[in-house]
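The structure appears right after this line, and notes come after that.
Protein chains: 2
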Amino acid sequence: MLSKKTKYGLKALIHIAKNGGKGPVLISSISEKERIPKKFLEAILLDLKKFGILGSKKGKGGGYYLLKEPKDVSMATLIRVLDGPIAMLPCVSLNFYERCEDCPDEQICELNRFMAQVRDNTLTLLRQKTLHDLAML
Amino acid sequence: MLSKKTKYGLKALIHIAKNGGKGPVLISSISEKERIPKKFLEAILLDLKKFGILGSKKGKGGGYYLLKEPKDVSMATLIRVLDGPIAMLPCVSLNFYERCEDCPDEQICELNRFMAQVRDNTLTLLRQKTLHDLAML
DNA sequence: TTAATAGTCTATAAAATCTATAGAGTATAA
DNA sequence: TTATACTCTATAGATTTTATAGACTATTAA
Chain R
1161 MLSKKTKYGL KALIHIAKNG GKGPVLISSI SEKERIPKKF LEAILLDLKK FGILGSKKGK
1221 GGGYYLLKEP KDVSMATLIR VLDGPIAMLP CVSLNFYERC EDCPDEQICE LNRFMAQVRD
1281 NTLTLLRQKT LHDLAML
Chain F
1161 MLSKKTKYGL KALIHIAKNG GKGPVLISSI SEKERIPKKF LEAILLDLKK FGILGSKKGK
1221 GGGYYLLKEP KDVSMATLIR VLDGPIAMLP CVSLNFYERC EDCPDEQICE LNRFMAQVRD
1281 NTLTLLRQKT LHDLAML
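So the protein sequences, as listed, match chains R and F. Those letters in the first sequence? Residues 1161 to 1297, per our numbering, in order. Those letters in the second sequence? Residues 1161 to 1297, per our numbering, in order.
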């Protein structure tokens, strides 16, 4: 399961993308309309800024805005930034790989191989879908 | 990510399935060969027994054994029992559904619809793959 | 220059979940 | 009746999640 942080972050990004570049969007505005706890949202947006997804402006007329085209921001990237690994097991993660301590040989592990397949399958979907896709409609 | 409990549980089940009905398998044997903390494993196997996946026998010649044919036990079932929801969001879970508190209407939510698609995709794989498949080789 | 606005930074913390371990108890077989 | 092996209850440290509080800084407009 994705954390609430991740769900909130994705909803906020979709909200900003829907604004379609009409200037920065206020944290308080996102917080109210998407019903996300404001202080929590502040931390999440700051995180997204650190990873180069969002930019921000202080003072009147300020807020958060996208730094990239919505069609260039995939769900795979966003989930990795907000939630971490996409794979079901660390020994099968592409970006957060960790050796399996209890496995003598991962290449022979049936679980490892199956979970790699699940990962590839999910990744195909997450890479295809972009903020642009989710902000339309 | 799946919890260690889930990974341990799956490995134990594959181990038992590989034994192929040649009598019950000892907890201590699984613990040693799969390098799973024994006390932790005890709790996990007990859980699997409660859910009707495993049976057990006490005393000499005892141990754990499968109650069903390996080909009738899917990864979907096992992950649900051991880990919980397969879906990425509660509002999209088939077996652990929870209403999205911050969503006025889930049917209109872009995230909801996409995550339902991801769920279906993953579920197809998890339902196809059985203990039999993973215990071969 | 100063007042209002709006994001930033640091600290804190309750709650939940995860990952176990200890030890006494019970059923079974030889 | 003894050794074996699963069972049950309790406990507990570590980590992660989900926030909240409050002071600080940058920006804009009057």
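All C-beta atoms, glycine included, are put in the ideal place defined by N, C-alpha and C. These numbers come from a predicted model, not from an experiment.
Presumed contact (8 Å Cβ cut-off) between residue i and residue j, rounded CB distance
i, j, result
"residue 1223/F", "residue 1185/F", "5 Å"
"residue 1168/F", "residue 1201/F", "6 Å"
"residue 1295/F", "residue 1174/F", "5 Å"
"residue 1171/R", "residue 1271/F", "6 Å"
"residue 1162/F", "residue 1233/F", "In fact, because the Cβ distance is near 17 Å, the residues do not count as touching under 8 Å."
"residue 1279/F", "residue 1255/F", "Actually they are not in contact, since the Cβ atoms of residue 1279/F and residue 1255/F sit about 11 Å apart, beyond 8 Å."
Interface flag, residue i vs chain F, CB-CB below 9 Å
i, result
"residue 1281/R", "yes"
"residue 1203/R", "no"
"residue 1271/R", "yes"
"residue 1250/R", "yes"
"residue 1180/R", "no"
"residue 1295/R", "yes"
"residue 1278/R", "yes"
"residue 1194/R", "yes"
"residue 1247/R", "yes"
CA-to-CA distance, residue j to residue i, given in whole angstroms
i, j, result
"residue 1242/R", "residue 1285/F", "25 Å"
"residue 1273/F", "residue 1249/R", "25 Å"
"residue 1236/R", "residue 1219/F", "51 Å"
"residue 1189/R", "residue 1179/F", "60 Å"
"residue 1192/F", "residue 1245/R", "29 Å"
"residue 1164/F", "residue 1257/R", "15 Å"
"residue 1275/F", "residue 1283/F", "12 Å"
"residue 1230/R", "residue 1206/R", "18 Å"
"residue 1181/R", "residue 1228/R", "10 Å"
"residue 1226/F", "residue 1226/R", "53 Å"
"residue 1216/R", "residue 1177/F", "55 Å"
"residue 1287/F", "residue 1281/R", "14 Å"
For residue i, the first and last residue of its enclosing alpha helix (DSSP H)
i, result
"residue 1164/F", "1164-1179"
"residue 1192/F", "1187-1194"
"residue 1239/R", "1235-1242"
"residue 1282/F", "1270-1288"
"residue 1202/R", "1198-1210"
Proximity test, Cβ basis, 9 Å: residue i and chain R
i, result
"residue 1274/F", "yes"
"residue 1261/F", "yes"
"residue 1267/F", "no"
"residue 1233/F", "no"
"residue 1289/F", "yes"
"residue 1208/F", "no"
Residue range of the unbroken beta strand (DSSP E) whose run includes residue i
i, result
"residue 1226/R", "1223-1226"
"residue 1214/R", "1214-1217"
heavy atom of the ligand COA below 8 Å from residue i C-beta
i, result
"residue 1195/R", "This structure lacks the ligand COA, and indeed carries no ligand of any kind."
> Is the region 1254-1263 of chain F touching the region 1266-1275 of chain R in the sense that three or more CB pairs, one from each, lie closer than 8 Å?
Replying inline: No contact exists between the region 1266-1275 of chain R and the region 1254-1263 of chain F.
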